[in-house]
Amino acid sequence: DTGVSQNPRHKITKRGQNVTFRCDPISEHNRLYWYRQTLGQGPEFLTYFQNEAQLEKSRLLSDRFSAERPKGSFSTLEIQRTEQGDSAMYLCASSSQGTDYEQYFGPGTRLTVT
Amino acid sequence: DAKTTQPNSMESNEEEPVHLPCNHSTISGTDYIHWYRQLPSQGPEYVIHGLTSNVNNRMASLAIAEDRKSSTLILHRATLRDAAVYYCILRPDTNFGNEKLTFGTGTRLTIIP
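This is the structure:
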């Protein structure tokens, strides 16, 4: 297993378009997280899944954002009617349940909204 | 969430030890102290974590003050590859297990060859 993967790595879209990102976590990890990072800031939490259940959502996750993890494996993050303010790096992380609290991050998807 | 305070930036010479400080005066008794780092153009990676006692692993050491209101990440011999943004994060120990990480702006570490 090579770690958490994210696709695409880069996405350029026009304002108003919909975009979808995919995250493939480490295979035995049942917890999956999405974060967003803008330039010069640390990552900000968006949402968290345990298996297929979405257990927490940040207030940052407006109605235009939706995340799914249908079979408790990969996850998708969709942004509808993109705005320029959505331009950011979208990071996915996964972890296993138990005393090991380390989160493993993917390389991120950089979104640019023009 | 309890807050951490870190210097915005630090510089260190290559092959010398680096001490990265973090203040967390409002830490609660069940908060773990975690450190992550983010290399350029990569996602964050876990470095180390601890609760009360000092901790060592292959990447670094974590020294925790007796009152737990501050901690120091120690890189024993910095290399150019250690140039990154280092984040000090407090994570509550809850029955729900792994939860979100609350990142600040971190310390940007520059290594001078």
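If you read the protein sequences in the order shown, they are chains A and B. Quick note: to get our numbering, add 112 to the position in the first sequence (first position is 1). Quick note: to get our numbering, add 13 to the position in the second sequence (first position is 1). Note that CB positions come from ideal geometry on N, CA and C, so glycine has one too.
When we look at the beta-carbon of residue i and count the other beta-carbons within 10 Å, is it buried (16 or more) or exposed?
i, result
"E112 of chain B", "buried"
"H47 of chain B", "buried"
"S54 of chain B", "exposed"
"A78 of chain B", "exposed"
"D95 of chain B", "buried"
"F217 of chain A", "buried"
"D80 of chain B", "exposed"
"I40 of chain B", "buried"
Rounded to whole angstroms, what is the Cα-Cα separation between residue i and residue j?
i, j, result
"N21 of chain B", "C204 of chain A", "25 Å"
"A91 of chain B", "H32 of chain B", "10 Å"
"R148 of chain A", "N119 of chain A", "15 Å"
"K16 of chain B", "E180 of chain A", "30 Å"
"G196 of chain A", "S174 of chain A", "The sequence shown places Gln at residue 196 of chain A, rather than the Gly named in the question. About 14 Å."
"E128 of chain B", "R50 of chain B", "In this structure chain B extends from 14 to 126, so residue 128 of chain B is not present and cannot be described."
"L151 of chain A", "S25 of chain B", "24 Å"
"S117 of chain A", "M201 of chain A", "14 Å"
"G63 of chain B", "H37 of chain B", "13 Å"
"Q19 of chain B", "C35 of chain B", "5 Å"
"F161 of chain A", "R143 of chain A", "6 Å"
Within the 8 Å Cβ cut-off, does residue i reach chain E?
i, result
"G42 of chain B", "No chain E appears in the structure shown, which is made up of the protein chains A and B."
Which residues does DSSP pair with residue i in a beta bridge?
i, result
"H62 of chain B", "B:H47"
"E190 of chain A", "A:T132 and A:S178"
"H32 of chain B", "B:I87"
"N119 of chain A", "A:R134"
"R104 of chain B", "B:Y45"
"M201 of chain A", "A:Q149 and A:R222"
"Q162 of chain A", "A:R143 and A:A165"
"F157 of chain A", "A:Y147"
"N26 of chain B", "B:I125"
"N69 of chain B", "B:S74"
**OP:** Check whether the segment 212-225 of chain A touches the segment 70-87 of chain B, counting contact only when three or more Cβ pairs, one atom from each stretch, lie closer than 8 Å.
**Re:** no
Subject >> contact_flag[the segment 183-195 of chain A, the segment 128-136 of chain A] where n(CB pairs < 8 Å) is 3 or more >> reply: yes
**OP:** Report yes or no: do the segment 133-145 of chain A and the segment 168-187 of chain A share at least 3 C-beta pairs separated by less than 8 Å?
**Re:** yes
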